[in-house]
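Residue numbers (the UniProt record's numbering): 1 to 201. All C-beta atoms, glycine included, are put in the ideal place defined by N, C-alpha and C. Computed from a predicted model, the values in this text were never measured in an experiment.
In structure tokens form, the structure reads like this:
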């Protein structure tokens, strides 16, 4: 199927599972156009054995298994000490939390010859993932009290594929506040502690 000029719109809903005998999970789930079902899950509980790290995991029949691991912050993984893999292959992450301009603070992702730029319009505002010819925008929707989360509306334009969408969607369950000037200011004590961890290993 040729999707070179199609746009894809989709909605993701927050969910929360609290089984009795297993760890609880929370995250996002939904249908992404012809790509089909996707789910992102993380464990909202703090787990001491994980040494302060947290993980968000994306899966779906048409998507590469995408795992984002980072220093736990506000109940989810953050960009500090972060690692990102798609089907086991590492992506390189870099950002500058001390930059003053939004474009300089953007998260840059390199994966298998692709260069992505991920930026956040502001706290509680749209997040945009771009590579040449492709743009995926995710905007926060309604807060869902029962799931303790917010729905997300997505729009993808250009010859978008499952890798583009997996990257944009998994980052919805990552604390990216440090990419905004307000978030960077609010997290400056935290950022100072993580001074040498801006680049993923």
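Residue i versus residue j - alpha carbon distance
| i | j | result |
| --- | --- | --- |
| residue 18 | residue 121 | 33 Å |
| residue 6 | residue 80 | 35 Å |
| residue 201 | residue 39 | Confidence is the limiting factor: at residue 201 the pLDDT is only 35, short of 50, which leaves the residue's position unreliable, though a coordinate-based value still follows. About 27 Å. |
| residue 91 | residue 77 | 16 Å |
| residue 53 | residue 175 | 12 Å |
| residue 156 | residue 62 | 16 Å |
| residue 166 | residue 151 | 17 Å |
| residue 146 | residue 115 | 37 Å |
| residue 134 | residue 108 | 15 Å |
CA nearest to the CA of residue i, picked from the options
| i | options | result |
| --- | --- | --- |
| residue 164 | 143, 47, 132, 145 | 132 |
| residue 149 | 155, 140, 157 | 140 |
| residue 35 | 28, 170, 161, 182 | 161 |
| residue 170 | 103, 23, 30 | 30 |
| residue 75 | 107, 130, 41 | 41 |
| residue 85 | 95, 96, 98, 70 | 70 |
| residue 173 | 138, 103, 97 | 138 |
| residue 179 | 100, 10, 64, 56 | 100 |
| residue 143 | 65, 28, 10 | 28 |
| residue 10 | 20, 25, 37 | 37 |
Cβ pair residue i, residue j closer than 8 Å
| i | j | result |
| --- | --- | --- |
| residue 58 | residue 23 | no |
| residue 8 | residue 33 | yes |
| residue 110 | residue 118 | no |
| residue 123 | residue 182 | yes |
| residue 112 | residue 126 | no |
| residue 154 | residue 128 | no |
| residue 65 | residue 50 | no |
Opposing strand residues paired with residue i [DSSP bridges]
| i | result |
| --- | --- |
| residue 106 | Residue 106 is not bridged to any residue. |
| residue 90 | 85 |
| residue 135 | 130, 157 |
| residue 12 | 30, 152 |
| residue 39 | 29, 59 |
| residue 76 | 73 |
| residue 114 | 111 |
| residue 120 | 127 |
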